[in-house]
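Novice:
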Amino acid sequence: MVINSQFAGFLVPDLRFHDSATVRAGALTGDLRSRIVGLAESLRGPSWCAVLLEEGGAVLAGEDGRIEAPILAWRPWSDDSRLRFDPGAVGTYVLLSASALGNTIGHLPEARDLRDVADHKLTLPLNSGSERRAALRTAFAGIRRELEEDAVAAHVVVEAYLRVVLIELLRAAPSYSEGPKGASPSHRTFTRFSTLVERHFRDRWTVSLYAETLGVTRDRLGDICRRVRGLGPKDIIDRRVMIESRLLLETSGQAVNEIATSLGFASAAQFSRFFVRHAAQPPGAYRVAFLKGLEEGVSDPARPFDWP
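If you're matching positions, the sequence shown starts at 65 in the numbering used here and goes up one per residue.
#1: Taking the straight line between their C-alpha atoms, what separation do you get for E308 and L107?
#2: What's the call for V352, buried or exposed, on a 16-neighbour Cβ count within 10 Å?
#3: Quick check: the Cα distance between S142 and I301, rounded to an integer number of angstroms?
#4: Going by DSSP, which residues form a beta bridge with W112?
#5: Which class does R99 belong to by DSSP, given the choice of helix, strand or coil?
#6: For the 8 Å Cβ check, are there 3 or more pairs between the segment 188 to 199 and the segment 133 to 141?
#7: Report the rounded CA-to-CA distance for R201 versus L295, giving the unit in angstroms.
#8: Label T168 either buried or exposed according to how many other C-beta atoms from any shown protein chain fall within 10 Å of its C-beta, with 16 as the threshold for buried.
#9: Measure the alpha-carbon distance for I67 versus P140 and round it to whole angstroms.
#10: Tell me the rounded alpha-carbon separation between P297 and F254.
#11: If we ignore side chains and look at the alpha-carbon of each, how far apart do G317 and T281 end up?
#12: Got a sec? Which residues, its chain only, sit under 8 Å from L96 by beta carbon, not counting five neighbours each side?
#13: For V154 and H184, I'd like the C-alpha separation in whole angstroms.
#14: Could you tell me which of L116, A215 and A164 sits nearest to A199, measuring between CA atoms?
#15: In terms of residue numbering, what span does the beta strand (DSSP E) encompassing T86 cover?
#16: Using three-state DSSP, classify L313 as helix, strand or coil.
#17: DSSP puts T187 in a beta bridge; with which residues?
#18: Helix, strand or coil: which one does DSSP assign to L124?
#19: Within a Cβ cutoff of 8 Å, which residues of the same chain sit near T93, ignoring the five residues on either side of it in sequence?
#20: In the DSSP assignment, find the alpha helix (DSSP H) that holds F338 and state where it starts and stops.
#21: What would DSSP say about R268, mapped onto helix, strand or coil?
#22: Between L234 and L178, is the Cβ-Cβ spacing less than 7 Å?
#23: Which residue wins for smallest C-alpha separation from C113, given the options D144, G129, E119 and S98?
#24: Quick check: what's the CA-CA separation for R148 versus Q345?
#25: Would you list the one or two residues that DSSP bridges to E119?
#26: How far does the beta strand (DSSP E) with R148 in it reach, from first residue to last?
#27: List, from N- to C-terminal side, the beta strand (DSSP E) runs of 3 residues or more that fit wholly inside the segment 256 to 305.
#28: Measure the alpha-carbon distance for S258 versus H251 and round it to whole angstroms.
#29: Among A275, L278, R291 and A162, which residue has its Cα nearest to the Cα of E223?
#30: As a quick exercise: from F339, G109 and E118, pick the residue whose alpha carbon is nearest that of A205.
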């Protein structure tokens with residue numbers, strides 16, 4: 065394992081964290097020496113890190129700048145990520161997996177915007193005594209408390225607090241989903257289309273209905289999607305349904321017929337035919353193979369952000 069040179073001599077893993085299978089949280093309490101969050105705290109597969117730093121500073125391996133309190137920082141996380149907190153740092157960090165993030169975002173109308181925000185590096189300075197800082201402090205403390213107590217439905221409360229964190233980032237961040245300023249009409253239409261897909265893919269809307277809602281012809285929508293994304297609109301819709309199908313098969317205890325219903329299919333058989341067409345195996349077989357691969361460390365979880 066190769067460690068960034070700026071962390072040499074500070075390899076003190078943080079073992080004082082609370083965790084579940086998909087979320088981990090730890091506190092920084094003003095220790096007299098540096099603290100490292102790294103491989104020992106990392107979750108399996110794609111994950112993300114949120115840090116509420118109240119006092120002191122921190123350095124993330126691979127980044128030139130420092131994180132200085134008071135601040136909220138959000139970063140995509142991998143097994144080789146390292147976060148070093150200065151002596152005296154005070155705050156809380158949270159690591160969450162793709163499934164936890166997917167559950168947190170859920171089916172909100174703002175889901176696409178939240179996904180866009182989640183896959184960027186964001187740093188949000190906080191004003192002392194601000195309501196935003198107080199809300200974030202409550203959210204991070206609540207996450208740690210729920211993970212520590214592990215009470216009934218703790219994961220529901222944790223996801224609610226994580227949603228608060230994401231929404232605060234969304235409100236403060238630049239708009240990623242609108243694309244660069246001066247984006248072409250085609251890009252703006254595609255953004256509107258992908259937002260509609262996020263809201264209605266469970267309703268099994270047809271391409272014609274999407275086009276009508278957008279005020280364009282079906283052929284025009286097809287041209288826009290192929291120009292912007294290299295895929296037809298039906299392919300984009302199916303891709304979103306497949307990502308959701310995989311997430312539900314991988315992370316929920318729902319039966320195949322329940323998943324079929326939640327995704328708007330008329331029957332489990334119709335859903336199975338759709339899944340086989342895209343994955344070359346039935347949904348039940350996919351779930352069994354995924355869980356077996358997870359035990360062996362070879363499964364690749366679905367990422368709710370691999371879309372559109």
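We put the CB at the ideal spot given by N, CA and C, even for glycine.
Specialist: Answer, in terms of the structure:
#1: The residue given as residue 308 occupies position 244 in the sequence shown. The residue given as residue 107 occupies position 43 in the sequence shown. Roughly 21 Å between the two C-alpha positions.
#2: Counted from its first residue, the sequence shown places residue 352 at position 288. So V352 counts as exposed.
#3: Numbered from 1 along the sequence shown, position 78 holds the residue referred to as residue 142. Numbered from 1 along the sequence shown, position 237 holds the residue referred to as residue 301. About 29 Å.
#4: The residue you call residue 112 lines up with position 48 of the sequence shown. Answer is P140 and L160, bridged to W112.
#5: Stepping through the sequence shown from its first residue, residue 99 is reached at position 35. The answer is strand: DSSP assigns R99 an E or B state.
#6: Short answer: they touch.
#7: The sequence position of residue 201 within the sequence shown is 137, counting from 1. The sequence position of residue 295 within the sequence shown is 231, counting from 1. So the two alpha carbons sit approximately 43 Å from each other.
#8: The residue you call residue 168 lines up with position 104 of the sequence shown. When all chains shown are included, T168 counts as buried.
#9: Indexing the sequence shown from 1 puts residue 67 at position 3. Indexing the sequence shown from 1 puts residue 140 at position 76. Legend: pLDDT at I67 = 34, less than 50; position of this residue unreliable, value from coordinates given subsequently. Rounded to the nearest angstrom, the two C-alpha atoms are 18 Å apart.
#10: Position 233 of the sequence shown holds residue 297. Position 190 of the sequence shown holds residue 254. Each residue's Cα considered, the two are about 10 Å apart.
#11: Within the sequence shown, the letter at position 253 stands for residue 317. Within the sequence shown, the letter at position 217 stands for residue 281. When rounded, the distance between both Cα atoms is 40 Å.
#12: Counting from 1 along the sequence shown, the entry for residue 96 is found at position 32. Answer for L96: P151 and G152, listed in chain order.
#13: Residue mapping note: residue 154 aligns to position 90 of the sequence shown, counting from 1. Residue mapping note: residue 184 aligns to position 120 of the sequence shown, counting from 1. Between V154 and H184, the C-alpha separation is close to 24 Å.
#14: If you number the sequence shown from 1, residue 199 lands on position 135. Checked all of L116, A215 and A164; the closest Cα to A199 is L116.
#15: Along the sequence shown, one-based indexing puts residue 86 at 22. First-last for T86: undefined, no H or E at that position.
#16: Position 249 of the sequence shown holds residue 313. Three-state result, L313: helix.
#17: In the sequence shown, the residue the question calls residue 187 occupies position 123. A137.
#18: Taking the first residue of the sequence shown as 1, we reach residue 124 at position 60. DSSP places L124 in strand when its eight states are reduced to three.
#19: For the purposes of this step, residue 93 is identified with residue 29 of the sequence shown, where counting begins at 1. Excluding sequence neighbours, T93 sits near V154.
#20: In the sequence shown, residue 338 corresponds to position 274, counting from 1. Run containing F338: A332 to A343, per the alpha helix (DSSP H) assignment.
#21: Indexing the sequence shown from 1 puts residue 268 at position 204. Reduced to three states, the DSSP call for R268 is coil.
#22: Working through the sequence shown from its first residue, we reach residue 234 at position 170. Working through the sequence shown from its first residue, we reach residue 178 at position 114. Yes, Cβ-Cβ distance for L234 and L178 is below 7 Å.
#23: The residue given as residue 113 occupies position 49 in the sequence shown. Checked all of D144, G129, E119 and S98; the closest Cα to C113 is D144.
#24: Here residue 148 refers to the residue found at position 84 when the sequence shown is read from its first residue. Here residue 345 refers to the residue found at position 281 when the sequence shown is read from its first residue. Straight-line Cα distance between these residues: approximately 44 Å.
#25: Against the sequence shown, residue 119 aligns to sequence position 55. Note: E119 sits in a beta bridge opposite V154.
#26: For this step, residue 148 is matched to residue 84 along the sequence shown. Note, R148: beta strand (DSSP E), L147 to F149.
#27: none
#28: Indexing the sequence shown from 1 puts residue 258 at position 194. Indexing the sequence shown from 1 puts residue 251 at position 187. Spanning the two alpha carbons is a distance of roughly 10 Å.
#29: Your numbering for residue 223 matches position 159 in the sequence shown. That would be A162, whose Cα lies nearest to the Cα of E223.
#30: As a first step, residue 205 is located in the sequence shown; it is residue number 141 there, counting from the start. Distance from the Cα of A205 is smallest, within the candidate group F339, G109 and E118, for E118.
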